[in-house]
Amino acid sequence: MSDNTWIIIAVITYFAVMLGIGYYGWRKTTAYSDYVIGGRDLPAFVAGISAGASDMSGWLLMGLPGALFVSGMSELWIVIGLFLGTWANWQWVAPRLRAYSEVANNSITLPSFFENRTHDQSRALRVIAALIIIFFFTFYVSSGMVAGGRYFESTFQGDYVTGLLIVGIITVIYTFIGGFFAVSYTDVAQGLLMFAALAIVPIMALLAIDNPGDIFSYPTNHAYGPWPEGNPDFFNFFAGVSAAAIIGNLAWGLGYLGQPHIVTRFMALRSPAEARSGRNSGLIWVGVCFLGAIFTAIIGASFFGQTANSVTDQKGFETIFLDMTRILFHPLIAGLVLTAVLAAIMSTMSSQLLVTSSALVEDLFKVFSKNAPSQTTLLIASRTMVILVAVLGMVMALNPSDTILGLVAFAWAGFGSAFGPVVIASLYWRHLTAQGAMAGMIVGALTVFIWGSLPATSALIYEMVPGFAFATIAMIVVSLATKPSAESEAEFDRHIKIMDYTIAHPESSFEQAISNISVAEGNQTGSGAV
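Numbering that gives the first Met the number 0 puts the sequence shown at residues 0 to 529.
(1) Can you tell me which of the three DSSP states L426 falls into?
(2) Can you give me the Cβ contacts of V200 inside the same chain, cut-off strictly under 8 Å, excluding the 5 residues immediately before and after it?
(3) Going along the chain, which residues of its own chain have a beta-carbon closer than 6 Å to the beta-carbon of G527, five neighbours each way excluded?
(4) Have a look at V262 and W58 and give me their C-alpha separation to the nearest angstrom.
(5) Tell me the start and end of each unbroken alpha helix (DSSP H) in the region 424-459 that is at least 4 residues and wholly inside, in chain order.
(6) Within 10 angstroms of the Cβ of F237, are there 16 or more other Cβ atoms? Answer buried if so, exposed if not.
(7) Quick one: give me the first and last residue of the alpha helix (DSSP H) that A473 is part of.
(8) In whole angstroms, what separates the C-alpha of F113 from that of T4?
(9) When you compare each of F180, Y139, A146 to R39 by their alpha carbons, which one comes out closest?
(10) Shortest alpha-carbon distance to L41 belongs to which of V171, E74, L130, R264?
(11) In the DSSP output, what is Y223 paired with across the bridge?
(12) Can you tell me the Cα-Cα spacing of G21 and D232, whole angstroms?
(13) Determine the DSSP secondary structure at L75, reduced to helix, strand or coil.
(14) Can we say the region 421-440 touches the region 113-132, given the rule of at least three CB pairs closer than 8 Å?
(15) Can you name the residues that DSSP bridges to L41?
(16) Relative to the C-alpha of I423, which residue among G439, A307, A458, A389 is closest?
(17) Can you tell me whether E101 sits near the ligand FAD, meaning its C-beta is under 6 Å from at least one heavy atom of the ligand?
(18) In chain order, which alpha helix (DSSP H) runs of at least 4 residues are fully inside the region 82-156?
(19) Please state whether DSSP places G239 in a helix, a strand or coil.
(20) On the criterion of 16 or more Cβ atoms from any shown chain inside 10 Å, does H329 qualify as buried, or is it exposed?
(21) May I ask you to report which of helix, strand or coil DSSP gives N3?
(22) Classify L397 as helix, strand or coil using the three-state DSSP reduction.
(23) Going by other Cβ atoms of all chains shown within 10 Å of its Cβ, with 16 needed for buried, is G254 buried or exposed?
(24) Of all the options S373, I344, H494, which has the alpha carbon lying nearest to the alpha carbon of N513?
(25) One question on the structure: do L426 and R95 come within less than 7 Å of each other, judged by their Cβ atoms?
(26) Specify the secondary structure class of A530 as computed by DSSP and reduced to three states.
(27) For Q313, count neighbouring C-beta atoms within 10 Å of its own C-beta (all shown protein chains included) and say buried if the count is 16 or more, exposed if not.
(28) Just mark A455 as buried or exposed, buried being the case when its beta carbon has 16 or more other beta carbons within 10 Å.
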């Protein structure tokens, strides 16, 4: 059999596994809340891996190794920012958001949490948040479709549109039938595949070169890839980068605080106490994956410099991981490893489809419905929206107007700036008001849109930096000029008590924590203490 045939067998096997997990999710989904947030029954390990896998797209296996191969370690600032952002998100956001989202009228989406947290009676805050999600995720989903089409182009020398449709349809099917359970568990399978691929390929490449001990000196003084005489600044973190570029790359970490498809995993945890275990799983996963991508580039210089092999992509050198895999492994094994790129694309896209569908149904359809929709109606509407959003993404991807990284960077900054400050303030600032939250979201989203659209400003610094800063200022100023409701302040204090109780008593369920705090509050009221 030809190499392509073996790879096709591997890809078909992968698709079959994804559809099987989708069927499993369908069997577990009996209510609308199951479809949207898994009934808040997500194990910590699943949450940790799926949060990472839903974040990292094909950039991790293609874009990052290629950038490091060409420019050296000066490209690592974005990796440092993302790793710190992952830690901060699990440390500061996960436990409190898990507790508060249930205390605040059992909120199951980020927009509904903002509304319930501030006790906004106008519904404007929820609608604005939903519209921001729909707008930016449309670009994000489109980037996944583009990546899927280009994957099939480079892997099979196939048609871009055909690849786009295949990846899109398979992702839609398992998201459509299985909802949150299917998305989370396929993310775990895809995340473990990415983890294994990024751990194994650099090690095998290291064993294949003549002088493994030279990997830290070879790139600086030997010819490889784009460098006919080597790159003496390969290991220099500051070579060719300005202070503004370093700050902008580090600022990618701020984006984590406001990504709906990531923080939804926190809301779905079994209890706030499980955030610590989820954090450990997530950090180990992302740490090993980053190291694998970094060493793919470092070892790749020696691998392609010392042998007769060459990199297929002679422009951005983004295929070094794919080329190493094809050279080192039997076509069937290579095919399984290459599906890790497909896994990275699909895991991100499925999470985005589900969150966008939830925003359309939970935060727009339910808000504007005259009568309360039934569970069956909500499930049908959610599944229908998955298809509609996917179709829109496919249409936009037919003629992509930007690079994959450009689309991702725009959406990432949009969410980070619009939602990041509001998420932190919701969890840590008692005085946040609905008006302040609205001001922060609008200013953050508009800043990213305007700043990123103007060549003069976008060249200065990544739009996340001004977007996050201006959103924070607007949120604080408007909140201080208005007054939070007494109900929201009392609920803020109550969520702190419940969260502290669950962390101090990890053996107790979250329901027991709420019950015990309620009993304690009742005793205080009865004794006249309150």
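Quick reminder that beta carbons are idealized off the backbone N, C-alpha and C, glycines included.
On the basis of the data shown:
(1) Counted from its first residue, the sequence shown places residue 426 at position 427. L426: helix per DSSP, three-state reduction.
(2) Reading the sequence shown from its first residue, position 201 is the one you call residue 200. So the qualifying residues of the chain are G291, T295, F320, M323, T324, L327, V336.
(3) Locating residue 527 in the sequence shown gives position 528, where the first residue counts as 1. The pLDDT assigned to G527 is 46, lower than 50, so where the model puts this residue is not dependable; a value taken from the coordinates is nonetheless given after this. No residues qualify anywhere along the chain.
(4) Position 263 of the sequence shown, counted from the start, is the residue given in the question as residue 262. Position 59 of the sequence shown, counted from the start, is the residue given in the question as residue 58. V262 and W58: Cα-Cα distance of roughly 21 Å.
(5) Fully enclosed alpha helix (DSSP H) runs of 4 or longer: 433-452, 454-457.
(6) The residue given as residue 237 occupies position 238 in the sequence shown. Exposed.
(7) Taking the sequence shown and counting its residues from 1, one reaches residue 473 at position 474. From DSSP, the alpha helix (DSSP H) with A473 extends over 463-480.
(8) Position 114 of the sequence shown, counted from the start, is the residue given in the question as residue 113. Position 5 of the sequence shown, counted from the start, is the residue given in the question as residue 4. Whole-angstrom Cα-Cα distance: 50 Å.
(9) The residue given as residue 39 occupies position 40 in the sequence shown. Selected option, being the one with the closest Cα: F180.
(10) Counting from one through the sequence shown, the residue named residue 41 turns up at place 42. Of the candidates V171, E74, L130, R264, the one whose C-alpha sits nearest the C-alpha of L41 is R264.
(11) Within the sequence shown, residue 223 is the residue found at index 224, counting from 1. In DSSP, Y223 forms a bridge with W226.
(12) By 1-based counting over the sequence shown, the position of residue 21 is 22. By 1-based counting over the sequence shown, the position of residue 232 is 233. For G21 and D232, the distance between alpha carbons rounds to 47 Å.
(13) Translated into positions along the sequence shown, residue 75 becomes position 76. Three-state result, L75: helix.
(14) As far as the Cβ criterion goes, the region 421-440 touches the region 113-132, which means the pair count is three or higher.
(15) As a first step, residue 41 is located in the sequence shown; it is residue number 42 there, counting from the start. Answer by DSSP bridge pairing, in chain order: L268.
(16) Here residue 423 is taken as the residue at index 424 of the sequence shown, counted from 1. Per the Cα distances, G439.
(17) Ligands in the displayed structure: none, and consequently the ligand FAD is not present.
(18) Here the runs fully enclosed are 93-102, 109-117, 123-155.
(19) Counting from one through the sequence shown, the residue named residue 239 turns up at place 240. Residue state, collapsed to three classes: coil.
(20) Taking the first residue of the sequence shown as 1, we reach residue 329 at position 330. It counts as exposed.
(21) Taking the first residue of the sequence shown as 1, we reach residue 3 at position 4. N3 falls in the helix class under three-state DSSP.
(22) Translated into positions along the sequence shown, residue 397 becomes position 398. Coil, per DSSP.
(23) Within the sequence shown, the letter at position 255 stands for residue 254. G254 should be labelled buried.
(24) On the sequence shown, residue 513 is found 514 positions in, with the first residue counted as 1. Rather than Asn, the amino acid found at residue 513 in this sequence is Ile. Among S373, I344, H494, the Cα nearest to that of I513 is on H494.
(25) Here residue 426 corresponds to residue number 427 of the sequence shown, with the count starting at 1. Here residue 95 corresponds to residue number 96 of the sequence shown, with the count starting at 1. Cβ distance < 7 Å, so L426 and R95 count as in contact.
(26) This structure cannot settle anything about residue 530, because the visible part of the chain is limited to 0 through 529.
(27) Counting from 1 along the sequence shown, the entry for residue 313 is found at position 314. Q313 should be labelled exposed.
(28) For this step, residue 455 is matched to residue 456 along the sequence shown. Flag for A455 reads exposed.
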